[in-house]
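Same order as they appear, the protein sequences are chains A and B. Using my numbering, read the first sequence as starting at 1 and increasing by one per residue. Using my numbering, read the second sequence as starting at 1001 and increasing by one per residue. What follows is a set of notes on a single structure, which appears directly below.
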Amino acid sequence: MAVLDETQVKEGVDQETVDAVREVGGAYKYGWETDIEMEYAPKGLTPDIVRLISEKNEEPEWMTTWRLEAYDRWLTKEEPDWAMVDYPEIDFQDQYYYARPKSMEVKPKSLDEVDPKLLATYEKLGIPLKEQMILAGVEGAEDAPAEGRKVAVDAVFDSVSVGTTFQAELKKAGVIFCSISEAIKEHPELVRKYLGSVVPVSDNFYATLNSAVFSDGSFVYVPPGVRCPMELSTYFRINAENTGQFERTLIIADKGSYVSYLEGCTAPQRDTSQLHAAVVEIIIEEDAEVKYSTVQNWYPGDENGKGGIYNFVTKRADCRGDRAKVMWTQVETGSAVTWKYPSCILRGNESQGEFYSIAIANNMQQADTGTKMIHLGKDTRSRIVSKGISAGKAQNTYRGLVSMHPKAKNSRNYTQCDSLLIGDKCGAHTVPYIEVKNNSSRVEHEATTSKVDDDQMFYCRQRGMDEEEAVALVVNGFCKDVLQALPMEFAMEAQQLVAISLEGSVG
Amino acid sequence: MALDDRRQSVTDERLSAMVVPDVGCTAEARQAALGRVRSLGLPQGRDEYWKFTRPDTLVQPDAPAASIFKDDETPVFDSFDRLKIVFVDGVFAPDLSDDLSLEGVEIDRLEDVCCTDDHWAEELYGTLEAAGQTPVARPLAALNTAYAGDGVTIRVTGKPSKPISLIYTHEAEDSDVFLHHVIRVESGAEATILENGPAAARFNKCMEIDIADTGILHHIRAQGRDHQRRAVTHMFARLGRESVFKSFTLTANGVLTRNECVIELTGDDALAHVAGACVGDGDFHHDDTVFVTHDAVNCESRQVFKKVLRNGATGVFQGKILVKEGAQKTDGYQISQSLLLDDDSQFLAKPELEIYADDVVCSHGSTSGAIDEDGMFYLRARGVPKPIATDLLTLAFLAEAVEEIENEDLRDEINTRLQSWLERRRG
């Protein structure tokens, strides 16, 4: 934190903002380790390791073959180097690709059988694996209606899912929510149909790696017309040293359904960097809607850039049906290196994609993140709101693509990305790609210093606020709008960032 | 690092078809440039910097033929009192050109630099181009430095009474031309440089511009119309303290045009504006690639690019503002907009910012869409026929770029040309 403390903050930048960033970039709260006996696969990546992972998950033959094909593809792929991130070469043979607590050797039948140490871990993280009504630490939740407060949790610890709560209740509604390893066994027809259909096996280097070695993750299926009765969430915890976590999430929202999904992640504080390469695939059919929210808080490394998670994630939603809707919301505060572009394929007519992001990089962190909006269907809409904040010696890049295909008539995109620099040793970058191939669509990209609405300013000034105050109010209100896109449970964690204003920001 | 096989073979093929001119004192700079071409290799379609424009026809050994375009329209800038320097298919034509002596400016043919001892341009030739190769490689500019057959050197020492006008005429259907100009504006000096004409079937032009403290340079270019040429042009400008560089380009057709502009603000309080208006119809691909580096305090840069596209035309904009650490109080602005008059045309843009200083104002915007319906309704409601209303709204759309031309007469000239281009297409 020393770096930020010594930083000369430029006049005009809100002190609250600085404090909030300081708080976020301060001592990492989740840096402790669970002392638990682990079982590892041998180090390195070979076809045998791929087979071993498949075997440990008791997978059918087709899945093993799928993985092995991915492994072969991976060998032919090159690590991407276009992102504005710089890190030492990763030795992919010097990693464990599978690690699970010994106590998970025999999969517990219910949460009661789960190793108390594991339960304690999640308790400590504020994610108790009990089917209780309220998540610990959520203030004000008492006032919310009982139904709205339930959150089903799938907890992933290193390579395995520890347990999933509220499964029975969800089953009543017809919703399937379980670990992906369980889904491969229990619902092979669904997994086979959809796995790799949004992010193809050979999509990119890390997605291909993930396809070969993913060990667990979550699976969601919401049947036609069903509004998922509670929020679903997955909490990823990396605990073992030198272990990569490769989770795979597959969400299918069938016709007319709705689901809100939350994702959280933390890792212990270590001097060595760890690899995390996840793939999230979302399929959204006609009239269905999915909200996907992430608070990414992997260990970011210390102020000298030692340790931290390398977060290389491929997330993509495919709006297959007409009027399908997806909303990505992310608060990215952790990881030493972030490489993440949650994307929307707007295939169905009138489908909608939204992306709201706040990325904070402090100390030596590097974040290269953004989104892709691929407009294929008619009358499709997309909106991108991205706020990047850099402090210390961090580098923060927004990278995005908006593509209007010739057939995507009357489509619309609006993009706004703002960046704020705190201190003169950090960097903020914007790399948008815009491709417009028809003339009935409108695309607007904006990145301005302070996009404060004149009318709102006038309103505030008229009521006696000075300009500074008025700007702060308007900008804060805007930022809150983004944060309000988060479900309540996550909003609590993100609350610390709410005070951030974008005064003095650069586009 | 060794080049990959494909790039190596494309580069070898091109180089083997060419001969470095015998050039006296620029020989060293040319050999160094050749070295850059060999180590960088020529661009390939899969290169990130050529994502939106295919470089094949600019790179291949032979220039694709382009028929000579003739019509009875008076050439642009013809009514202006100016000092004419004419190149026919890339070769200086003394008979068609004016006497090169003018008070406040020294003009030499590139050839003459090569046989004059201690010519001021000697140390500048290839220098800004070489510096402009990082952080992004521009091998076609290095190719130009190595092989340029002709060009002029212009040293502005005072305030010449009229603009210096570079005119490029095209007479051979398969001409493949490399021109290289070196311009230096001394402290307190001010000049206007005009450029027009199709030049060749394939045209590779490089301009190195060094503006000393408090120097001022205006540059207005009209890239012909309705011809079939392919062109890649590079402008490398280095700006000293309190200097000013304003460049405007009008492009009206041409099969393929890639205009790269690389500006480095190295002195405090300098100002650089680069603007472009482009109207494309049919088989037309136009690419504006701009890279502005702020490396001094309190500088201002503006990039204003407007493109009107129809009948399958493609417009590309790749703009970047790089603010280096310490370049505080930077004011950077970038706007790229396209008006698509039909569904077949496309606009591809990558407006980038890379910022390492905290006390700066940088903004960029990019929009794309059809003619404004409200504007159209307003005009139609007042009895303006649709084709005229379309032209009016098109001119209004282009105005922000055209207004970057400071001189009123030149601005009017460009507007007239735009208007007649639109009228011709109204049918």
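Note that beta-carbon positions come from the ideal geometry of N, C-alpha and C, so glycine has one too.
- Look at A:K193 here: in three-state DSSP terms it is helix.
- At a cut-off of 7 Å, the C-beta of A:K437 has a neighbouring C-beta in chain B.
- From the beta-carbon of A:R442, the residues of chain B found nearer than 9 Å are T1367, S1368, G1369, A1370.
- For the segment 1044 to 1076 of chain B, the beta-carbon criterion of a distance under 9 Å to any beta-carbon of chain A is satisfied by E1048, K1051, F1052.
- Below 8 Å, too few C-beta pairs join the segment 64 to 76 of chain A and the segment 114 to 124 of chain A to call them touching: fewer than three.
- Collapsing the DSSP output to three states places B:R1382 in coil.
- The C-beta of B:A1357 comes closer than 7 Å to at least one C-beta of chain A.
- Here the segment 1356 to 1365 of chain B does not lie against the segment 1386 to 1405 of chain B, with fewer than 3 beta-carbon pairs under 8 Å apart.
- Shown here is that no member of the segment 1209 to 1239 of chain B has a Cβ falling below 7 Å from a Cβ of chain A.
- Approximately 28 Å separates the beta-carbon atoms of A:G348 and A:Q296; this is outside 8 Å, ruling out the contact.
- In this structure the segment 377 to 397 of chain A lies against the segment 349 to 356 of chain A, because at least three pairs of beta carbons, one per stretch, are closer than 8 Å.
- Fewer than three beta-carbon pairs drawn from the segment 1031 to 1046 of chain B and the segment 1261 to 1275 of chain B are found closer than 8 Å, and the two stretches are therefore not classed as touching.
- When beta bridges are read from the DSSP output, B:T1192 appears opposite B:H1218.
- In the structure shown, A:P432 falls within a strand segment according to DSSP collapsed to helix, strand and coil.
- Scanning its chain for C-beta atoms nearer than 6 Å, with the 5 sequence neighbours on each side dropped, one finds around A:V279 the residues V199, A207, N210, R248, T314, in chain order.
- The DSSP assignment places 1083 to 1088 as complete runs of the beta strand (DSSP E) inside the segment 1058 to 1107 of chain B, in order along the chain (cut-off: 3 residues).
- Neighbourhood of B:Q1303 in chain A, by CB distance below 8 Å: empty, with the nearest CB roughly 13 Å away.
- Look at the beta carbons and you see the segment 1045 to 1060 of chain B not touching the segment 1154 to 1166 of chain B: under three pairs across the two are nearer than 8 Å.
- Close to B:D1343, with beta-carbon spacing below 9 Å, are these residues of chain A in chain order: P406, K409, K437, N438, N439, S440.
- Inclusion of A:I360 and A:I389 in the CB contact set at 7 Å is warranted, their separation being smaller than that value.
- For B:K1205, the uninterrupted beta strand (DSSP E) segment begins and ends at 1202 to 1211.
- Between B:G1149 and B:P1021, the C-beta spacing is below 7 Å.
- Rounded to the nearest angstrom, the gap between the Cα atoms of A:A253 and A:I176 is 11 Å.
- One Cα belongs to B:V1019, the other to B:V1232, and the distance between them is close to 20 Å.
- Among the residues of chain B, those whose CB is under 9 Å from the CB of A:L421 are I1355, Y1356, A1357, D1358, D1359, V1360, following chain order.
- A check of alpha carbon separations from A:V402 across A:H445, A:T165, A:E58, A:V213 identifies A:H445 as the nearest.
- Put simply, the backbone Cα of B:S1301 is about 10 Å away from that of B:V1244.
- Chain B has a Cβ within less than 7 Å of the Cβ of A:G427.
- Taken through DSSP and simplified to helix, strand or coil, A:S440 comes out as coil.
- In the DSSP assignment, B:Q1303 is bridged to B:V1274, B:Q1334.
- At least one C-beta of chain B is nearer than 7 Å to the C-beta of A:I434.
- Burial of A:Q274 is indicated by the presence of at least 16 other C-beta atoms within 10 angstroms of its C-beta.
- For the pair of segments examined, the segment 1328 to 1335 of chain B was found not to touch the segment 399 to 417 of chain A: the number of CB pairs separated by less than 8 Å stays below three.
- Your pair A:V106 and A:D368 does not check out as a contact, with CB atoms roughly 42 Å apart and the cut at 8 Å.
- The bridge partners DSSP lists for A:Q416 are A:V385, A:E446.
- Here B:G1090 is near B:L1179, since their CB atoms are less than 7 Å apart.
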